[in-house]
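Visitor: So the sequence lines, in the order shown, correspond to chains U and Y. Going by numbering that gives the first Met the number 0, the first residue of the first sequence is number 0, and it counts up by one from there. Going by numbering that gives the first Met the number 0, the first residue of the second sequence is number 0, and it counts up by one from there.
Protein chains: 2
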Amino acid sequence: MANPNWIGVDWGTSNLRVWGMSRDSTVLAQVNTDQGMNGLHAEDFEPILLNNIEEWLPGSGPVPVIVCGMAGAKGGWETAPYRAAPCLPLSAEESVAPRTADRRLAVRILPGISQTRPAHDVMRGEETQIAGFLSVNPGFDGIVCLPGTHTKWVHLSAGEIVSFRTFMTGELFGLLQRYSVLREILDRSNWDAAEFASSVETQISRPEALAARIFTARAESLISDLEPAKATGRLSGALIGAELAAARTYWLGRDVVLIGQARLVDAYARALAVVGQNPRPENAERMTILGLTAAFAMFRAKEFRP
Amino acid sequence: MANPNWIGVDWGTSNLRVWGMSRDSTVLAQVNTDQGMNGLHAEDFEPILLNNIEEWLPGSGPVPVIVCGMAGAKGGWETAPYRAAPCLPLSAEESVAPRTADRRLAVRILPGISQTRPAHDVMRGEETQIAGFLSVNPGFDGIVCLPGTHTKWVHLSAGEIVSFRTFMTGELFGLLQRYSVLREILDRSNWDAAEFASSVETQISRPEALAARIFTARAESLISDLEPAKATGRLSGALIGAELAAARTYWLGRDVVLIGQARLVDAYARALAVVGQNPRPENAERMTILGLTAAFAMFRAKEFRP
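#1: Throw me the rounded Cβ distance for the ASP191(Y) and GLU219(Y) pair, which I believe falls under 8 Å.
#2: What did DSSP end up calling SER134(U) once you bin it into helix, strand or coil?
#3: Compare the beta carbon distance of VAL66(Y) and PRO3(Y) with 9 Å and say whether it is the shorter of the two.
#4: Compute the distance between the beta-carbons of GLY259(Y) and PRO88(Y), then report whether it is under 9 Å.
#5: Closer than 9 Å, CB to CB, is VAL180(Y) near chain U or not?
#6: What residue ranges within the stretch 61–144 of chain U form continuous beta strand (DSSP E) runs of no fewer than 3 residues, ordered along the chain?
#7: Distance check for LEU133(U) and SER235(U), CA to CA, integer angstroms please.
#8: For PRO110(U) versus GLU93(U), is the C-beta distance shorter than 9 Å?
#9: Any beta-carbon of chain U closer than 9 Å to the one on ILE213(Y)?
#10: Count the other C-beta atoms from every protein chain shown that fall within 10 angstroms of the C-beta of SER198(U), then say buried if there are 16 or more, exposed otherwise.
#11: Determine whether the Cβ of SER113(U) lies closer than 9 Å to any Cβ atom of chain Y.
#12: Using a Cβ cut-off of 8 Å, pull out every chain Y residue sitting near ARG164(U), in sequence order please.
#13: Is any beta-carbon of chain U found at less than 9 Å from that of ASP120(Y)?
#14: What residue range is occupied by the uninterrupted alpha helix (DSSP H) comprising ASP9(U)?
#15: ILE52(Y) by DSSP, collapsed to three states: which one?
#16: Verify whether the separation of the beta carbon atoms of ILE108(Y) and VAL95(Y) is less than 9 Å.
#17: To the nearest angstrom, how far is the alpha carbon of ALA28(U) from that of ASN282(U)?
#18: If we define contact as Cβ-Cβ less than 9 Å, is ILE129(U) a contact residue for chain B?
#19: Let me make sure I understand the geometry here. Which of SER179(U), TRP152(U), THR231(U) has the alpha-carbon closest to that of ASN189(U)?
#20: Hey, how far is the Cα of PRO146(Y) from the Cα of PRO85(Y)?
#21: Indicate whether at least one CB of chain U lies closer than 9 Å to the CB of THR168(Y).
#22: Starting from ALA246(U), trace the alpha helix (DSSP H) in both directions and tell me its first and last residue.
#23: For THR115(U), count neighbouring Cβ atoms within 10 angstroms of its own Cβ and tell me buried if that reaches 16, exposed if not.
#24: Please classify MET297(U): is it buried, with 16 or more other beta-carbons within 10 angstroms of its beta-carbon, or exposed?
#25: Near ASP9(Y), what residues of its chain come up, given a Cβ to Cβ distance below 7 Å and the 5 sequence neighbours on each side ignored?
#26: Does chain U have any CB closer than 9 Å to the CB of LEU39(Y)?
#27: Does any CB atom of chain Y fall closer than 9 Å to the CB of PRO305(U)?
#28: Does THR248(Y) pass the burial test, meaning 16 or more other C-beta atoms within 10 Å, or should it be called exposed?
#29: For GLU42(Y), count neighbouring Cβ atoms within 10 angstroms of its own Cβ and tell me buried if that reaches 16, exposed if not.
#30: Can you give me the C-alpha to C-alpha distance between PHE214(Y) and GLN202(Y), rounded to a whole angstrom?
#31: Taking Cβ to Cβ, would you say VAL255(U) is nearer than 9 Å to VAL143(U)?
#32: Run the CB neighbour count on LEU181(U), radius 10 Å, all protein chains shown included, and call it buried at 16 or more, exposed below.
#33: Would you give the residue range spanned by the beta strand (DSSP E) that MET177(Y) belongs to?
#34: Please give me, in chain order, every unbroken run of the alpha helix (DSSP H) with length at least 4 that falls completely inside the stretch 184–215 of chain U.
#35: For chain U, is any of its Cβ atoms less than 9 Å away from the one on HIS149(Y)?
#36: Do you know how far the Cα of LEU48(Y) is from the Cα of LEU263(U)?
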């Protein structure tokens with residue numbers, strides 16, 4: 000393989016993904032590992048990265064390494080302070096450049112974005128996917144929803160992130176599935192799509208009753224042997240339904256784009272269909288690569304001139 | 000100590016509590032252990048109980064042992080099938096009598112109560128506390144709220160459990176405190192009462208936004224160093240506030256009695272004060288003992304005649 004012209008990195012809480020990129024920003028090689036930033040110390044990041052890309056590195060000259068995600072959080076590789084919304088999704092000036100022992104690396108970590116109004120909120124990594132989306136949809140005015148552990152609803156206008164809101168929906172689902180009294184009654188590989196849709200609808204009509212609604216799955220399982228796939232559909236539908244009820248001002252009458260893993264994008268698309276929305280799905284990895292490419296272009300104009 | 004005339008047992012998921020009772024049902028001795036039914040097999044219950052009460056047992060003649068709680072659940076000592084609400088809280092006929100190897104024991108396990116309308120629901124143990132409450136408040140017509148891992152709101156009328164609803168509020172708080180991204184920002188020993196009250200109020204006014212509201216604590220902690228005691232108050236207030244919004248038909252314009260641990264009863268009383276309610280607190284252990292006493296009296300009339 001030819002040595003990459005630059006390297007893109009998405010360093011999340013649980014995963015590390017690295018792409019070796021050509022001069023015209025096509026992917027030459029990639030690595031996915033579970034070496035997320037969780038549990039790492041600042042001094043661990045450089046050797047872990049080197050270990051994954053050693054064979055890509057040229058003999059001389061620093062190669063640009065553009066990093067998005069949790070590596071820039073407090074307790075990560077080096078803190079890249081949040082930028083305040085409303086703002087453009089990316090900023091080369093406000094990135095940080097951790098010193099590396101290995102001179103073949105020129106690392107830049109992208110900042111996350113924060114907000115204090117209408118409510119305190121933060122994102123790290125999603126801004127890069129948004130930048131990727133905007134790079135191929137430059138005039139987009141509408142809503143991007145990024146389903147995940149912490150799902151984000153983001154209002155985009157004039158190329159800027161106007162405001163956003165985070166829901167811990169995915170994390171709640173994971174906690175309930177792994178640790179709660181519901182753990183024994185759920186099906187981990189299947190879910191009932193009809194039960195999911197009806198649960199979304201029920202939850203939207205009485206969105207406050209989440210903690211009671213999810214217990215009905217436990218009770219119905221004890222009393223009437225509720226099928227595990229239905230229990231999973233009900234739990235997932237209740238959590239996403241409550242989120243849709245709260246995010247109504249985002250999606251009502253707007254164009255909605257979904258960026259995420261296929262399985263989650265599918266669930267959110269089905270839930271949004273219940274309220275008459277027809278969101279447009281986008282591939283999360285593609286958006287990340289496009290966003291890192293847009294970031295590299297911003298840097299190159301300033302400091303990585305050949 | 001005199002040998003007890005009968006023995007009361009509250010065998011929950013995490014704890015086992017046993018009381019040695021006199022002929023006139025005062026407590027002669029008591030044992031509290033963490034030998035809850037979680038992780039026990041059916042054959043473990045008798046030896047564990049014996050081990051805790053060996054020195055109380057008479058040389059001859061079976062001693063009545065009245066058991067409430069999860070010991071009667073599927074996977075417990077012996078299944079005591081649910082009785083369907085509306086119904087009286089207790090039934091001697093529908094209890095089960097597991098065979099014991101030791102002839103000095105005459106065990107009766109009380110059934111739980113289920114409901115299929117307006118929603119599927121179950122309780123096990125709370126019905127005994129309710130029976131205890133009714134034994135000293137025979138004409139009570141109103142609402143009993145039993146805060147806990149799975150908080151119950153119960154409508155009582157004419158001595159019967161008319162209907163009830165369970166909220167997983169306590170379990171959600173525990174999961175979020177122990178395992179979630181919020182775990183590092185919470186204060187485990189203190190909470191800010193003003194933040195709690197304001198969070199209850201915010202949540203009641205927008206009850207659907209729970210998964211977003213609780214993330215604001217994480218975001219504000221990252222952006223503005225939110226005090227841990229405030230983060231705890233906000234999380235607790237949001238969860239209980241959402242519950243109050245959903246349980247409005249229970250408490251609005253009704254007499255509300257709170258039965259539970261002092262700390263939880265205090266939190267629910269403060270939350271109910273936000274909506275103008277002045278609930279009456281009752282001690283949970285006292286209600287359990289009164290309920291077991293009422294159950295023993297029902298049995299005695301039938302089968303434990305001296």
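By construction, the Cβ of each residue, glycine as well, lies at the ideal position given by its N, Cα and C atoms. No experiment lies behind these values; they were computed from the predicted model shown.
Guide: Walking through what the data contain:
#1: 13 Å between Cβ atoms; not a contact.
#2: helix
#3: No, they are not a contact pair.
#4: No.
#5: yes
#6: As far as the stretch 61–144 of chain U is concerned, its whole beta strand (DSSP E) runs of at least 3 residues are 62–68, 104–108, 112–114, 120–122.
#7: 30 Å
#8: Between PRO110(U) and GLU93(U), the C-beta gap is smaller than 9 Å, which places the two residues in contact.
#9: yes
#10: buried
#11: So yes, SER113(U) belongs to the interface.
#12: ALA211
#13: For ASP120(Y), the nearest beta carbon of chain U is closer than 9 Å to its own beta carbon.
#14: In the DSSP annotation of this structure, ASP9(U) is not part of any alpha helix (DSSP H); the continuous beta strand (DSSP E) holding it starts and ends at 5–10.
#15: helix
#16: In contact: ILE108(Y) and VAL95(Y) (Cβ atoms closer than 9 Å).
#17: A straight line joining the alpha-carbon of ALA28(U) with that of ASN282(U) spans about 18 Å.
#18: Judged by its chain identifiers, the structure shown contains no chain B, and its protein chains are U and Y.
#19: THR231(U)
#20: 21 Å
#21: yes
#22: It is not in any alpha helix (DSSP H) - ALA246(U) carries neither H nor E in the DSSP assignment.
#23: Of the other Cβ atoms in all chains shown, fewer than 16 fall within 10 Å of the Cβ of THR115(U); this residue is therefore exposed.
#24: By the C-beta density criterion, MET297(U) is buried, having at least 16 other C-beta atoms within 10 angstroms.
#25: ARG16, CYS67, GLY68, GLY124, THR287
#26: no
#27: Low local confidence applies: a pLDDT of 39 at PRO305(U) is under 50, so the model's placement there is unreliable, and no value is given.
#28: exposed
#29: exposed
#30: 13 Å
#31: Yes.
#32: buried
#33: Looking at the sequence itself, residue 177(Y) is Arg, so the reference to Met does not match. Where ARG177(Y) is concerned, there is no enclosing beta strand (DSSP E), although the alpha helix (DSSP H) it sits in stretches over 168–178.
#34: 192–204
#35: yes
#36: 48 Å
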